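Accompanying notes for the structure given below.
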Amino acid sequence: MNTKILVTGATGNFGKTTIDFLLKKGIAASNISALVRDEAKAADLNAKGITLKIGDYDNYESLLAAFQGIDKLLLVSGTDLANRSKQQLAAVKAAKEAGVKHILYTSFERKNESDSSPIAFLAKSHIDTDTAIKASGMKYTIFRNNLYLDVLPMFLGEKVLVTGIYFPAGETAAAYVSRNDLAEAVATVLITEGHENKEYGMNNVENYSMQEIADTLSKITNTSVHYLSPDPKDYEAVLTQAGVPGEYIGMFVGFAEAIKQGEFQAESSDLEKLLGRKPITLEVFLKQVYSK
Ligand SMILES: NC(=O)c1ccc[n+]([C@@H]2O[C@H](COP(=O)([O-])OP(=O)(O)OC[C@H]3O[C@@H](n4cnc5c(N)ncnc54)[C@H](OP(=O)(O)O)[C@@H]3O)[C@@H](O)[C@H]2O)c1
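Those letters in the sequence shown? Residues 9 to 300, by my numbering.
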């Protein structure tokens with residue numbers, strides 16, 4: 009079977025890792041294409057024999073050309089939050105027009121889909137994209153990715169081992185997952201059958217609170233890491249004082265509040281089944297980052 013697969017966001021972490029898993033799982037490089045907007049950032053992909061398609065979510069014609077002859081398209085969500093809905097709807101439309109048979113999308117886990125969600129600024133584009141994909145008539149698989157474990161160091165700050173955790177997420181836990189595990193599972197879905205018109209909850213099998221994160225950090229680094237969940241207004245003031253750019257502050261406050269409201273708390277996971285093993289735990293992840 010010579011299914012032609014295209015992965016977008018291939019110069020980014022998720023896309024690149026997914027491609028590496030496809031190769032590891034025995035898919036020939038000649039059956040894999042990568043959508044990249046800057047060829048210079050894709051020398052490694054080129055060296056592996058991956059076909060580079062130059063395209064940008066903002067350029068419909070480039071997407072239409074890139075998606076010709078593709079059977080399965082992995083649409084990795086973009087980074088331009090202000091324009092993401094428009095960009096991804098264009099990608100879905102181009103996929104349909106180009107004759108893509110099966111579209112797979114890295115969406116995100118959530119409960120509150122209304123404008124009252126503290127992360128509505130990024131949720132809306134995922135919801136719009138999920139809706140367009142389901143209405144497109146193409147076969148689809150939607151991955152409801154939980155928060156990456158990999159974003160934790162950003163939430164915790166560079167000096168966490170000295171200052172402790174100062175983050176307004178309260179006591180609510182979230183089913184953080186490693187990006188690597190997500191990419192491995194997505195690669196499996198790309199190359200196996202039975203995933204048509206499915207929506208998968210991509211969550212860890214355990215939920216972790218900030219207090220547990222502090223305790224785990226204390227244990228693995230043999231230090232004492234405290235957790236304080238401040239009032240969001242105080243948190244904003246401290247970040248502003250420290251010179252953190254406004255858009256990042258808004259994002260951190262929004263994610264903290266969403267965690268506190270239980271948006272990322274999940275009791276079920278398809279990820280373990282897709283991986284055929286348990287996803288890596290908080291402790292294993294934190295050891296990789298903090299215990300050298
Ligand atoms: N669940 C979570 O906790 C979490 C955390 C962070 C991000 N995310 C989402 O997951 C996605 C993948 O994560 P990641 O770590 O791989 O992010 P990443 O390393 O920043 O990669 C994003 C990729 O999207 C590409 N891209 C952005 N705008 C584009 C456009 N207009 N046209 C074509 N390509 C475009 C980038 O291309 P360039 O290399 O050219 O910039 C890059 O390849 C992110 O984009 C974001 O939507 C989820």
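Glycine included, C-beta positions come from ideal geometry on N, C-alpha and C. Because the structure is a prediction, the values reported are computed rather than measured.
The beta carbon of S41 sits closer than 6 Å to those of L14, T59, K61, all from its chain and outside the five residues before and after it, given in chain order. In the three-state reduction of the DSSP assignment, I13 falls in the strand class, which pools E and B. In this structure, L71 sits near A106, with a CB-CB distance shorter than 9 Å.
Of the other Cβ atoms in all chains shown, fewer than 16 fall within 10 Å of the Cβ of R285; this residue is therefore exposed. If you look at F29, you'll find it in the alpha helix (DSSP H) that goes 21-32. Remark: the C-beta of V159 is in contact range of ligand 1, defined as less than 8 Å to any heavy atom. The way I'd put it, the stretch 232-247 doesn't touch the stretch 180-188; fewer than three beta-carbon pairs between them come closer than 8 Å.
Among the bridge pairs identified by DSSP, R45 is matched with none. Cβ contact annotation for L294 (same chain, cutoff 7 Å, sequence separation greater than five): T224, L225, I228, in chain order.
Just so you know, the alpha carbons of I141 and H110 end up roughly 10 Å apart.
Following the DSSP letters along the chain, one finds N188 inside the alpha helix (DSSP H) bounded by residues 187-199.
About 7 Å separates the Cβ atoms of L290 and L157, confirming a contact at the 8 Å cut-off. With fewer than 16 other beta carbons inside 10 angstroms of its own, D239 counts as exposed. Per DSSP, T59 is not a residue of any alpha helix (DSSP H); the beta strand (DSSP E) it occupies stretches across 59-62.
S122 and A250 have their C-alpha atoms some 32 Å from each other.
Its Cα nearest to that of Y68, the residue A98 stands out among A98, G86, N39. Assignment of T248 by DSSP, reduced to helix, strand and coil, places it in the helix class. Residue pairing by DSSP leaves A50 without any beta bridge partner.
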